[in-house]
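Engineer:
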Amino acid sequence: MAHYDALETRDAEARDRDLATALPAAIRRAKVAPALAEALADVDPASVTDRAALARLPVIRKADLSAAQKARPPFGGYAARPVAEFDHVFQSPGPIYEPGMRGGDWWRLGRFLHAAGVGRGDIVQNCFGYHLTPAGMMFESGARAVGAAVLPAGTGQTDLQVRAAVDIGTTCYAGTPDFLKVILDRADETGEALAIRKAVVGGGALFPSLRQLYADRGIATLQCYATADLGNIAYESEAMEGMIVDEGVIVEIVRPGTGDPVPEGEVGEVLVTTLNADYPLVRFATGDLSAVLPGTSPCGRTNMRIKGWMGRADQTTKIKGMFVRPEQVAALVARHPEIARARVIADRDGEMDVMTVQVETTADCADLISLSVVDMLKMKGRVQLVAPGSLPNDGKVIEDRRSYD
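First residue of the sequence shown? That's 36 in our numbering, and the numbers climb one at a time after it.
1) With a Cβ-Cβ cutoff of 8 angstroms, do residue 412 and residue 363 count as a contact?
2) Should residue 166 go down as buried or exposed, given a rule of 16 or more other Cβ atoms within 10 Å for buried?
3) In the segment 209-246, which residue ranges form an unbroken beta strand (DSSP E) of at least 3 residues, counting only runs that do not cross its ends?
4) When burial is assigned at 16 or more other CB atoms within 10 Å of the CB, is residue 287 buried or exposed?
5) Helix, strand or coil: which one does DSSP assign to residue 134?
6) In chain order, which continuous runs of the alpha helix (DSSP H) of length 4 or greater are located wholly inside the segment 238-306?
7) Within 8 angstroms, do at least three Cβ pairs link the segment 156-176 to the segment 296-306?
8) Less than 8 angstroms between CB atoms is the rule here; does residue 156 satisfy it with respect to chain B?
9) Considering just the uninterrupted stretch of the beta strand (DSSP E) at residue 179, what are its terminal residues?
10) Assign residue 362 to one of three DSSP states: helix, strand, or coil.
11) Taking all protein chains shown into account, do 16 or more other C-beta atoms lie within 10 angstroms of the C-beta of residue 368, making it buried, or fewer, making it exposed?
12) Tell me which residue opens and which closes the alpha helix (DSSP H) that residue 147 is part of.
13) So, using beta-carbon positions, are residue 61 and residue 315 closer together than 8 angstroms?
14) Determine which residues share a DSSP beta bridge with residue 393 and list them.
15) Taking just the CA atoms, how far does residue 429 sit from residue 378?
16) Rounded to whole angstroms, how far is the Cβ of residue 259 from the Cβ of residue 147, which I believe are closer than 8 angstroms?
17) How is residue 42 classed by DSSP in three states: helix, strand or coil?
18) Which class does residue 403 belong to by DSSP, given the choice of helix, strand or coil?
19) Would the beta-carbon of residue 157 fall within 8 angstroms of that of residue 180?
20) In the DSSP assignment, the alpha helix (DSSP H) including residue 324 goes from what residue to what residue?
21) Please state the DSSP three-state secondary structure of residue 367.
22) Pick out whichever of 249, 42, 241, 80 has its Cα sitting closest to the Cα of residue 55.
23) Going straight from the alpha carbon of residue 115 to that of residue 380, what length do you get?
24) Reducing DSSP to helix, strand and coil, say where residue 353 ends up.
25) Do residue 257 and residue 284 count as a contact pair if the criterion is CB distance below 8 angstroms?
26) So does the segment 109-123 actually touch the segment 320-329, counting three or more Cβ pairs closer than 8 angstroms?
27) For a quick check, are the C-beta atoms of residue 199 and residue 219 less than 8 angstroms apart?
28) With distance defined between alpha-carbon atoms, name the residue in 320, 118, 151 nearest to residue 133.
29) Please report the distance separating the alpha-carbon of residue 242 from that of residue 399.
30) When the Cα atoms are used, what is the spatial distance from residue 392 to residue 228?
31) By the three-class DSSP mapping on this structure, what secondary structure does residue 472 have?
32) Assign residue 56 to one of three DSSP states: helix, strand, or coil.
Here is the structure:
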């Protein structure tokens, strides 16, 4: 299958050259937004030409965005145009408000649908919600970009979904991974034959067993990683080896609680800088964990690949009545150069909470670390020294082993 555009197959040098132009322009545009103008007041856009420079900029967290929206409704000062100049305003749970535009595949889902083989001649039954939240419009915009027709089906109403799919000859399902099975099961019960042969899904886990179930019925299913704030972040291609980062964003994997990039292959939190000129979020923390896959996809697309969703980065845990946060663990590591990584473990001893702090180091520094633990985590805990590289590569800096059964 031909690629969506030439951006997908750029070599590393061309991608770096384009980044050196795109990043300064993105930062310059971001500084039009009042909140970002404040956060980036001391940043010269011309100096941000590569990933190393980007990594020195502050992180925007969901909590920051939520607080800003309460102070400066509806977009918290993060939009680069007035609210009345957007075509849509959406409300996601929180509530968090997101803008939207009708033109130009604003959320960039077209690239994903093209990779899934969706295009002219397809009829997409779009079972993402159209009410308040943007997912329905996001996928509709992508379908329009590749020339497919759309049935704006929304969620629920299974009998009507089956009837419509039969009557119009739906060829592609768009929606959460599990709702397609509900439609297929109902069609089986009523003796109806569906023409669905493709599925583009998101908003939930696509378990291997579910993908195989669809494959056994002749439905090729691919998933994307997208959010209401950022649009498409990464997507699967026919190679199904990880997720390819979208060309309209820059993805970093950082140590949870920090903005510090981790080595390739190490699990960390996903930060996204979007090149969207209307809503130019810079180093936005998704709260999701993932890791970079080495190399490029066998499908010929050359952008960075990530492993997909690997859990949540917000591991804040209450121990002995006190909250321990990932940023506190990061600060503990930063205080001691002899520490490579650290992991806080919450457990029980009888009816009492206990805390163990494992640190990767070659130094004999348990007593010194113990003092810092009390100072920075505000409670005593056992310090366990472990060999560098021995902590699990799962992105966790806080592990709760307590049973709540």
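Think of the CB as a built atom: it goes at the ideal place given N, C-alpha and C, for glycine as much as any other residue.
Structural biologist: Based on what the coordinates show:
1) yes
2) exposed
3) 233-236
4) buried
5) strand
6) 243-251
7) no
8) No chain B appears in this structure, which consists of one protein chain only.
9) No beta strand (DSSP E) contains residue 179, which is instead part of the alpha helix (DSSP H) from 170-180.
10) helix
11) buried
12) 145-150
13) yes
14) 378, 419
15) 11 angstroms
16) 4 angstroms
17) helix
18) helix
19) no
20) That residue, residue 324, is in no alpha helix (DSSP H); its beta strand (DSSP E) goes 319-325.
21) helix
22) 80
23) 43 angstroms
24) strand
25) no
26) no
27) no
28) 118
29) 44 angstroms
30) 58 angstroms
31) The displayed coordinates of the chain run from 36 to 440. Any statement about residue 472 would go beyond what the structure contains.
32) helix
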